[in-house]
Amino acid sequence: EQLFRGDQVLRITASNEEQITLLRVLGEQAELQIDFWRDLTGPGHPADLWVPFPSLQAVKIFLEFHSISYSVMIEDVQALLDEEKKNMTRSRR
Amino acid sequence: IQRSISTFDFASYHTLEEIYDWMDMLVDDHPNLVSKIQIGQSYENRPLYVLKFSTGGSNRPAIWLDTGIHSREWITQATGVWTANKIVKEYGQDPSVTAILDSMDIFFEIITNPDGFVFTHSSNRLWRKTRSINAGSSCVGVDPNRNWDAGFGGSGSSSDPCSETYRGPYAHSESEVKAIVDFIRSHGNVKSVISIHSYSQMLLFPYGYKRTPAAHHQELNELAKKAVSDLAAMYGTKYAYGSVADTIYLADGTTVDWAYDNGVKYSFTFELRDTGRYGFLLPSTQIIPTATETWPALLDIMVHVLEHPY
């Protein structure tokens, strides 16, 4: 079973087209293994980016370097999955 | 253990087995209204089941609904289960549902990507694609919403098997997609296709693979506007609406574009509720509110299809 300990989901809001282009470039970097859960649609619209733990530093540095505003939407993906699993087990019981 | 439809918990997430068992119970309890048909097999040989809601007749005009083509979007499969149950409950009670089913059939594929769905339960909760092996790559799976023969292969999808939007080697390469294509084509009288996803809160229609407005853009836009307004009336959930290309981005090879290009005028795709925090990990407490608010919008589309034969 794949675990997602420490993976985060970032809510990113690009303020202009230039930032959107930068984010698209970021998304194309296969080695980061990031995944847009909610895609980029336009300036001012939030996008949600799943970032595996090993890529967190690189992604956050990239966002901050380019002054792209973001917040952490999910602190630890695995913690939520654990909670979900617990709820399912409880409900089945 | 005696099976009972009355004890099924619609407010919980369920495994494939539990949902398939529930489908059998629904059919057993309503044999004159619901039947289960198998339209094919998944890559890993799981049956692809469709619930048929019909009050009789032969090759009636039909509405196609599917949920969960992206396996990790659990709220959609859960909404599908609730909605199928709602259709049964409302037939004979709600005049709109009754009128629809008195002259049309509804086909509902609740688990459109069973391999992916099982994988989300066993190995990777965040799995989106099918589970087919890609020749020459260690990455598994194809995005089944980029695999349709509508602008297939364009820049609004990926040629990289490791990408979440990998389009696959050729259009309809995925058995899960091909089964729907074959079914809709062989039926020949499908008037509406509604493909349900999550999350983002949007109601979208063709086109996604080009910016050119669909021939029926105005009618689809007005219908979408009414549907999202009725949806919002329940809990105030705000939806965006419009063509895929205008509202989000260019996306090639999608279900709704294929349906529209194959003569299904009322082709829509939903992106269900996002609470703004959990994304695909929406807590199960959100299932009933999501399904409940989606219902009037679905009904708007289905009633419009009934009242605007073509």
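Sequences listed follow chains U and Y, in order.
Just so we're aligned, residue 186 is where the first sequence starts under my numbering, counting upward by one.
Just so we're aligned, residue 18 is where the second sequence starts under my numbering, counting upward by one.
Beta carbons are placed, not taken as given, at the ideal position from N, Cα and C, and that holds for glycine.
- Helix, strand or coil for Y/HIS305, going by three-state DSSP, please let me know. One point to set straight first is that residue 305 of chain Y is Ile, not His, in the sequence displayed. Y/ILE305 falls in the helix class under three-state DSSP.
- Message: Considering only DSSP beta bridges, list what U/PRO231 is partnered with.
- Response: DSSP output for U/PRO231 lists U/THR198 as bridge partner(s).
- Any beta-carbon of chain U closer than 8 Å to the one on Y/ARG142? It does; some Cβ of chain U falls within 8 Å.
- Note down the Cα distance separating Y/PRO326 from U/GLU260, rounded to an integer number of angstroms. When the Cα atoms are used, Y/PRO326 and U/GLU260 turn out to be separated by approximately 50 Å.
- Query: At a CB-CB cut-off below 7 Å, which residues of chain U make contact with Y/ILE265?
  - Reply: Under the 7 Å cutoff, chain U gives ASP224, THR226.
- Kindly list, in the order they appear in chain U, the residues whose Cβ is closer than 7 Å to that of Y/SER217. Proximity of chain U to Y/SER217 at the Cβ level (cut-off 7 Å) is accounted for by ARG223, in chain order.
- Query: Do Y/TYR283 and Y/LYS208 come within 8 Å of each other at the CB atom, strictly closer than that value?
  - Reply: With contacts defined as CB atoms closer than 8 Å, Y/LYS208 and Y/TYR283 qualify as a contacting pair.
- Task: Output, in sequence order along the chain, the residues in the segment 19-43 of chain Y whose CB is closer than 7 Å to any CB in chain U.
- Result: Against chain U - using a Cβ distance shorter than 7 Å - the residues of the segment 19-43 of chain Y are ASP26, SER29, TYR30.
- Message: If you reduce the DSSP assignment to three classes, tell me which class Y/LYS242 lands in.
- Response: Note: Y/LYS242 maps to helix in three-state DSSP.
- So, are the CB atoms of Y/THR272 and Y/TRP165 less than 8 Å apart? Contact: yes.
- Kindly indicate which three-state DSSP category Y/PRO64 falls into: helix, strand or coil? The three-state reading of DSSP puts Y/PRO64 in strand, counting E and B together.
- Query: If you measure beta-carbon to beta-carbon, which residues of the segment 191-217 of chain U are closer than 7 Å to chain Y?
  - Reply: Within the segment 191-217 of chain U, the residues whose Cβ lies closer than 7 Å to some Cβ of chain Y are VAL194, ALA215, listed in chain order.
- Query: Taking 8 Å as the CB-CB cut-off, is Y/SER9 touching chain U?
  - Reply: Since the displayed chain Y opens at 18 and closes at 327, residue 9 of chain Y lies outside it and no answer follows.
- Item | Presumed contact (8 Å Cβ cut-off) between U/ALA199 and U/PRO228, rounded CB distance | Distance from U/ALA199 to U/PRO228 at the Cβ level is roughly 6 Å; contact confirmed, criterion being Cβ atoms closer than 8 Å.
- Query: What's the gap between the Cα of Y/GLY73 and the Cα of Y/GLU126?
  - Reply: Rounded to the nearest angstrom, the two C-alpha atoms are 19 Å apart.
- Express the C-alpha separation of U/HIS251 and U/LYS245 in angstroms, rounding to a whole number. Each residue's alpha carbon lies about 10 Å from the other.
- Query: When you compare only the Cα positions, how much space is there between Y/ILE18 and Y/THR24?
  - Reply: Here the model assigns Y/ILE18 a pLDDT of 48, short of 50, so the residue's position is not dependable and the matter cannot be decided.
- Task: Give a yes or no on whether 8 Å exceeds the smallest Cβ distance from Y/TYR283 to chain U.
- Result: No, no contact with chain U.
- Between the C-alpha atoms of Y/SER260 and Y/LEU237, what's the straight-line distance to the nearest angstrom? Using only the alpha carbons, I get a separation of about 9 Å.
- Message: For a contact defined as C-beta to C-beta under 7 Å, what are the partners of Y/GLU181 on chain U?
- Response: Within 7 Å Cβ-Cβ: ASP220.
- Would you verify that the beta carbon of Y/TYR258 is, or is not, closer than 8 Å to some beta carbon of chain U? Output row for Y/TYR258: interface = no.
- So, is the C-beta of Y/PHE134 closer than 8 Å to a C-beta in chain U? No, Y/PHE134 lies away from the interface with chain U (no Cβ there is under 8 Å from its Cβ).
- Nonlocal neighbours in the same chain, by C-beta distance under 7 Å from Y/SER212, ignoring five residues either side: Short of 7 Å from the beta carbon of Y/SER212, and not among the five residues preceding or following it, lie these beta carbons of its own chain, in chain order: ASP83, ILE86, THR272, VAL273, THR286.
- Kindly say whether U/ASP233, judged by its beta-carbon, lies nearer than 8 Å to any beta-carbon of chain Y. At least one chain Y Cβ lies under 8 Å of U/ASP233.
- Query: Would Y/LEU221 pass as a contact of Y/ASP317 if the rule is Cβ separation under 8 Å?
  - Reply: Cβ atoms of Y/LEU221 and Y/ASP317: not closer than 8 Å.
- Message: On the CB-based measure, 16 or more other CB atoms within 10 Å of its CB, does U/ARG277 come out buried or exposed?
- Response: So U/ARG277 ends up on the exposed side.
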